[in-house]
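See below for the structure under consideration.
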């Protein structure tokens, strides 16, 4: 039997991190002799201080523990380590392979060196090691790789449109539209409640709970409005307050696996061959906003809630074609390869001013046609109905049947 009440924000544990992950690493390292018990005691004390002073979460805790355990592959017991041991360990890590037999990525090396440096300074401060503090302070982690995504990995506006067309129910269409247009992280979408959505004449205002930066962001979206309105109408509970926006067919909160399954199904159904993850929508949206000429400060405020964020460069996936367009444009030259596109532009009804989905041929509210072809279709249907009155009943029954099928496919 399904739930009679909607899942709320308190029910959502979108990115649940199991504490047993760190426990397993610890037990395995102790069993294999990679780490000694007094090394582990030091790590636990260090972690306890970070949790108390910096309020680090479980995911960060696991990451630091795993890194400090891994370092013991390259270094002697921590209390006995000399500065030469620290230098050699850092050098060895750069050329070593992980447990998966792959070289460590630049960002992993950056994080591991940073953790080792902080841990070493903590040991010095607490009298567990007499490493030279001035030499430890001079250690600089290698540069992180900000370009973790390539331009060709981004989803184009046309591919976003294809994904929307491939959805078979209102919930999935709302999910794809919101993932893209809002640029929200998937956890923010998974924890989104109806009380944080404000509909107005222009579109939607989202008040996003940015747990990564411990702040709230104001996000204006337009194109997603009709998709979200359709899902609100199909929502099995009252769409209000702390009720989660996105829930499963079993009326339980979304988790990361739920979204990945939806995206995998859509990728197969639409024939898009790119690797599609929830986060690629955020990368793609920010890149498109840059290409469209949106003010950089506005993008930073909307996506990070901070105009001074250093993360902007990580998401700017521009190509040589973008350079060509800007340079040639300054000379008044339009590349023959450049085609004007209106993909993902919502259609505003000139009669009732309702925002309709991209490429809509009729207004969802007043029924006005937007193209000559749509007008001709209406005239043909009116003529057919006048000749066969039962046709209207058949059309209504078909629409209702399709709507019921869409609900059962959630």
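In full-length UniProt numbering, the protein residues as written are 1 to 410. Think of the CB as a built atom: it goes at the ideal place given N, C-alpha and C, for glycine as much as any other residue.
By the Cβ neighbour-count rule, residue 286 is buried, with 16 or more other Cβ atoms within 10 Å of its own. Under DSSP, residue 243 forms a beta bridge with 8. Under the DSSP definition of a beta bridge, residue 348 partners with 355. Judged by beta-carbon spacing, residue 278 lies within the 8 Å limit of residue 259, meaning their Cβ atoms are closer than that value. Counting the other CB atoms within 10 Å of its CB gives residue 202 a total below 16, which places it among the exposed residues.
Contact check for residue 167 and residue 176: beta-carbon distance about 6 Å, within the 8 Å limit, so the pair qualifies.
Within the DSSP secondary-structure output, residue 369 pairs in a beta bridge with 362. For residue 253, the beta-bridge partners assigned by DSSP are 247. Beyond the five residues adjoining it in sequence on each side, residue 294 comes within less than 8 Å, by CB distance, of no other residue in the same chain. Rounded to the nearest angstrom, the Cβ distance from residue 171 to residue 246 is 7 Å, consistent with a contact under 8 Å.
Taking C-alpha positions only, residue 182 is separated from residue 219 by approximately 7 Å. Membership of residue 287 in the alpha helix (DSSP H) is indicated by the continuous run 278-291. With a contact defined as Cβ atoms closer than 8 Å, residue 43 and residue 50 miss out at about 11 Å. Taking each of 93, 346 and 240 in turn and checking the Cα distance to residue 106, the smallest one comes out for 93.
Per the C-alpha coordinates, the member of 87, 48, 103 and 165 positioned closest to residue 132 is 87. Here residue 199 is exposed: its Cβ has fewer than 16 other Cβ atoms, across all protein chains shown, within 10 Å.
Ranked by Cα distance from residue 9, the options 272, 192, 23 and 180 are led by 192.
When the Cα atoms are used, residue 72 and residue 79 turn out to be separated by approximately 12 Å.
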